[in-house]
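Enquirer: First residue of the sequence shown? That's 111 in our numbering, and the numbers climb one at a time after it. Don't be surprised by glycine CBs; every beta carbon is placed ideally from N, CA and C.
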Amino acid sequence: MGCVGDGFIELGRYDEPTEHVGSRHTLLKGRIARPWIAAGLVVVSLFTLGPAGAKPLPAVQLVADIKLHVEGEMVVVGGGLFVSEPGVLTALDSRTARARWRVQTGLHSQLVRGDGDLLIVTGRTVAIAAEGSRAMSLAIHMGTGEVLWRLPGDLIVAGGFVISREFGFASPAPTSHLTVHDLAARPVWSVELAARLVHTVDQLRQVVLTLDAASGELVEYRLDNGRVVDRTVQPELVGAVGLGAFGQEVLAFFSDGHSLVRGASGFVSELGVFSAAETEQVDCGLLWCAFSHSASGIELVDKSNGEVVYRNEGWIMAVHTDFGVVGIDLFFGGPITIGFFDPLTRRQQHLSGWSPVGLRTDSRVVRWHGPLYLVSSANSRTFFAVLEDARIHVAGSVPYKNLLQCVATSYLIACRAESTMVKAWHLM
111 MGCVGDGFIE
121 LGRYDEPTEH
131 VGSRHTLLKG
141 RIARPWIAAG
151 LVVVSLFTLG
161 PAGAKPLPAV
171 QLVADIKLHV
181 EGEMVVVGGG
191 LFVSEPGVLT
201 ALDSRTARAR
211 WRVQTGLHSQ
221 LVRGDGDLLI
231 VTGRTVAIAA
241 EGSRAMSLAI
251 HMGTGEVLWR
261 LPGDLIVAGG
271 FVISREFGFA
281 SPAPTSHLTV
291 HDLAARPVWS
301 VELAARLVHT
311 VDQLRQVVLT
321 LDAASGELVE
331 YRLDNGRVVD
341 RTVQPELVGA
351 VGLGAFGQEV
361 LAFFSDGHSL
371 VRGASGFVSE
381 LGVFSAAETE
391 QVDCGLLWCA
401 FSHSASGIEL
411 VDKSNGEVVY
421 RNEGWIMAVH
431 TDFGVVGIDL
441 FFGGPITIGF
451 FDPLTRRQQH
461 LSGWSPVGLR
471 TDSRVVRWHG
481 PLYLVSSANS
491 RTFFAVLEDA
501 RIHVAGSVPY
511 KNLLQCVATS
521 YLIACRAEST
531 MVKAWHLM
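#1: Within 10 angstroms of its Cβ, does Leu454 collect 16 or more other Cβ (buried), or is it exposed?
#2: Per the DSSP calculation, Trp211 is bridged to which residue(s)?
#3: Do Ala362 and Gly373 have their C-beta atoms within less than 9 Å of each other?
#4: Just the C-alpha distance for Asp216 and Ala400, rounded to the nearest angstrom, thanks.
#5: Among the residues of its own chain, which have a CB less than 7 Å from the CB of Ala304, if the five just before and after it don't count?
#6: Indicate the three-state DSSP secondary structure (helix, strand or coil) for Pro284 in the structure shown.
#7: Drop a sphere of 10 angstroms on the beta-carbon of Val180, count the other beta-carbons inside from all chains shown, and report buried for 16 or more, exposed for fewer.
#8: Whole angstroms is fine: what's the gap from Gly270's alpha carbon to Ala488's?
#9: Closest by CA to Glu469, which one among Ser247, Val348, Val429, Ile266?
#10: Should Phe356 be labelled buried (16 or more other beta-carbon atoms within 10 Å of its own) or exposed?
#11: Suppose you measure from the CA of Trp464 to the CA of Arg526; what does that come to, to the nearest Å?
#12: In terms of residue numbering, what span does the beta strand (DSSP E) encompassing Ala527 cover?
#13: Rounded to a whole number of angstroms, what is the C-alpha to C-alpha distance between Asp393 and Asp412?
#14: Sort Asp439, Ser247, Val532, Leu229 by Cα distance to Gly190 and report the nearest one.
#15: Does the region 196 to 215 come close enough to the region 247 to 260 that 3 or more CB-CB pairs lie under 8 Å?
#16: DSSP three-state call for Glu423: helix, strand or coil?
#17: By a C-beta neighbour count over all protein chains shown, 10 Å radius and 16 as the cutoff for buried, is Asn422 buried or exposed?
#18: Please classify Leu307: does DSSP put it in a helix, a strand, or coil?
#19: Can you give the Cα-Cα distance for Leu497 and Ile438, rounded to whole angstroms?
#20: Going by DSSP, name the residue or residues bridged to His218.
#21: Consult DSSP for Pro481 and reduce its assignment to one of helix, strand or coil.
#22: Who does Cys516 pair with in a DSSP beta bridge?
#23: For Glu302, I'd like the list of residues in its chain whose CB is within less than 7 Å of its CB, leaving aside the five on either flank, ordered along the chain.
#24: So which of Asn335, Gln344, Glu409, His479 has the shortest CA-CA distance to Ala323?
See below:
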């Protein structure tokens with residue numbers, strides 16, 4: 111066990127090495143309670159006794175109180191901290207949380223994304239419920255706050271291009287214009303589409319997809335020049351209400367709540383069995399993080415010999431860190447469980463009751479550099495911890511139980527403490 115005085119819990123010392131791959135229940139059953147009861151005792155001891163029984167020194171330092179519109183939110187993009195409020199976007203210093211620049215966007219319901227040193231902000235020109243509301247997007251230089259361009263419509267940024275779509279309302283057959291721009295907003299190619307068509311970008315194949323849900327016709331346009339490279343009719347897509355791209359995956363959505371994932375052989379159900387033809391492998395250091403486009407769960411594969419060293423059917427995503435693979439488990443809708451697998455010792459641990467802060471959720475496998483921040487609530491307090499170097503450092507706690515919308519930079523954790531107040535802390 112780690113040193114209680116320093117507040118460290120070393121992972122991998124409570125469990126024997128994983129020598130074979132079993133079912134999720136075989137791997138987990140009976141192993142969670144024992145190590146994390148010990149972890150809970152460490153947490154309790156940290157905040158009841160300091161040196162020689164004195165009160166402990168504060169390990170969580172309040173850096174700033176940030177006023178926030180009730181409809182606003184904190185956003186972390188490219189390691190930078192931003193406040194998105196109706197009509198306004200503010201960049202904060204990632205260490206002091208002081209404002210660096212502020213842009214009047216004029217947009218409501220803003221979505222903020224990053225691409226290199228660009229911030230792409232998409233929203234509505236007036237409140238969505240108001241008459242005359244239309245989509246608009248703008249690009250802001252992340253460092254200076256300079257507005258570089260504005261484009262009508264919702265945007266997709268992919269492969270060094272910006273894809274916009276503007277709708278007309280002519281009857282009896284409304285139309286739209288889909289335009290692909292370079293990152294300086296210069297048009298590269300454009301196509302007129304029926305307004306009923308839905309579209310997205312398949313980044314893996316570098317194509318723009320359009321779907322006529324009435325007929326199932328799927329058309330693929332090359333992203334760089336607009337040339338039609340494929341036109342097929344896929345009956346399984348009839349009735350789809352939308353297409354969406356999440357990292358390397360493309361999904362078709364239906365009004366009854368189910369969805370289909372695009373794999374090598376077409377669109378298939380999200381739930382199913384692992385198939386070699388549908389499995390994608392992503393670099394996770396010494397391991398491959400492998401997942402199926404037609405099944406839940408993630409496998410960890412030894413690069414040297416192709417052996418599956420660990421499988422977890424409940425992991426919805428894996429995080430490739432500098433010290434191992436962290437898995438996020440929402441199995442059967444239960445509480446979040448964070449799993450950790452050490453590729454050197456092949457030991458695995460699971461920590462229930464803690465939630466990760468700041469992870470991207472647009473891909474099944476993400477790369478994370480540096481420490482991973484965790485939060486947990488108990489006894490009217492919120493505890494902060496840092497996962498790094500295969501151990502958890504419980505940094506401290508704050509007297510708030512229901513913190514919302516927590517985000518993290520490399521230096522700060524910021525959480526909504528009240529409806530119009532965000533508090534930013536530095537973990538010592």
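Expert: Put simply:
#1: Taking the sequence shown and counting its residues from 1, one reaches residue 454 at position 344. The Cβ neighbour count for Leu454, taken over all protein chains shown within 10 Å, is under 16; the residue is labelled exposed.
#2: Your numbering for residue 211 matches position 101 in the sequence shown. Trp211 pairs with Ala201.
#3: Numbered from 1 along the sequence shown, position 252 holds the residue referred to as residue 362. Numbered from 1 along the sequence shown, position 263 holds the residue referred to as residue 373. Their beta carbons are not under 9 Å apart, which means Ala362 does not touch Gly373 by this criterion.
#4: What you label residue 216 is simply residue 106 of the sequence shown in a count that begins at 1. What you label residue 400 is simply residue 290 of the sequence shown in a count that begins at 1. One detail in the question is off: residue 216 reads as Gly in this sequence, not Asp. Using only the alpha carbons, I get a separation of about 43 Å.
#5: Here residue 304 refers to the residue found at position 194 of the sequence shown. Ala283, Thr285.
#6: As a working note, residue 284 is residue 174 in the sequence shown. It is coil, neither helix nor strand.
#7: Counting from one through the sequence shown, the residue named residue 180 turns up at place 70. That one is exposed.
#8: For the purposes of this step, residue 270 is taken as residue 160 along the sequence shown, with counting starting at 1. For the purposes of this step, residue 488 is taken as residue 378 along the sequence shown, with counting starting at 1. Taking the straight line joining both Cα atoms gives about 45 Å.
#9: If you number the sequence shown from 1, residue 469 lands on position 359. The amino acid occupying residue 469 in the given sequence is Leu; Glu does not appear at that position. Nearest of Ser247, Val348, Val429, Ile266 to Leu469, Cα basis: Val429.
#10: The residue you call residue 356 lines up with position 246 of the sequence shown. The residue is exposed, with fewer than 16 neighbouring Cβ atoms inside 10 Å.
#11: In the sequence shown, the residue the question calls residue 464 occupies position 354. In the sequence shown, the residue the question calls residue 526 occupies position 416. Near 18 Å, if we compare the C-alpha coordinates of Arg526 and Trp464.
#12: Start at 1 with the first residue of the sequence shown, and residue 527 comes out as number 417. Start and end: 522 to 528.
#13: Residue numbering aside, residue 393 sits at position 283 when the sequence shown is read from its first letter. Residue numbering aside, residue 412 sits at position 302 when the sequence shown is read from its first letter. Computed Cα separation, rounded: 11 Å.
#14: Start at 1 with the first residue of the sequence shown, and residue 190 comes out as number 80. It is Leu229.
#15: yes
#16: Locating residue 423 in the sequence shown gives position 313, counting from the first residue. Correct three-state label for Glu423: coil.
#17: For the purposes of this step, residue 422 is taken as the residue at position 312 of the sequence shown. Result: buried.
#18: Locating residue 307 in the sequence shown gives position 197, where the first residue counts as 1. Note: Leu307 maps to coil in three-state DSSP.
#19: Reading the sequence shown from its first residue, position 387 is the one you call residue 497. Reading the sequence shown from its first residue, position 328 is the one you call residue 438. Taking the straight line joining both Cα atoms gives about 14 Å.
#20: By 1-based counting over the sequence shown, the position of residue 218 is 108. His218 pairs with Arg234.
#21: Numbered from 1 along the sequence shown, position 371 holds the residue referred to as residue 481. Reduced to three states, the DSSP call for Pro481 is coil.
#22: As a first step, residue 516 is located in the sequence shown; it is residue number 406 there, counting from the start. Looking at the DSSP assignment, Cys516 forms no beta bridge with any residue, so it has no partner.
#23: Taking the sequence shown and counting its residues from 1, one reaches residue 302 at position 192. Listed in chain order, the non-local C-beta contacts of Glu302 below 7 Å within the same chain comprise Thr285, His287, local neighbours out to five positions each way being set aside.
#24: Here the question's residue 323 lines up with position 213 in the sequence shown. Closest in alpha carbon position to Ala323, among Asn335, Gln344, Glu409, His479, is Gln344.
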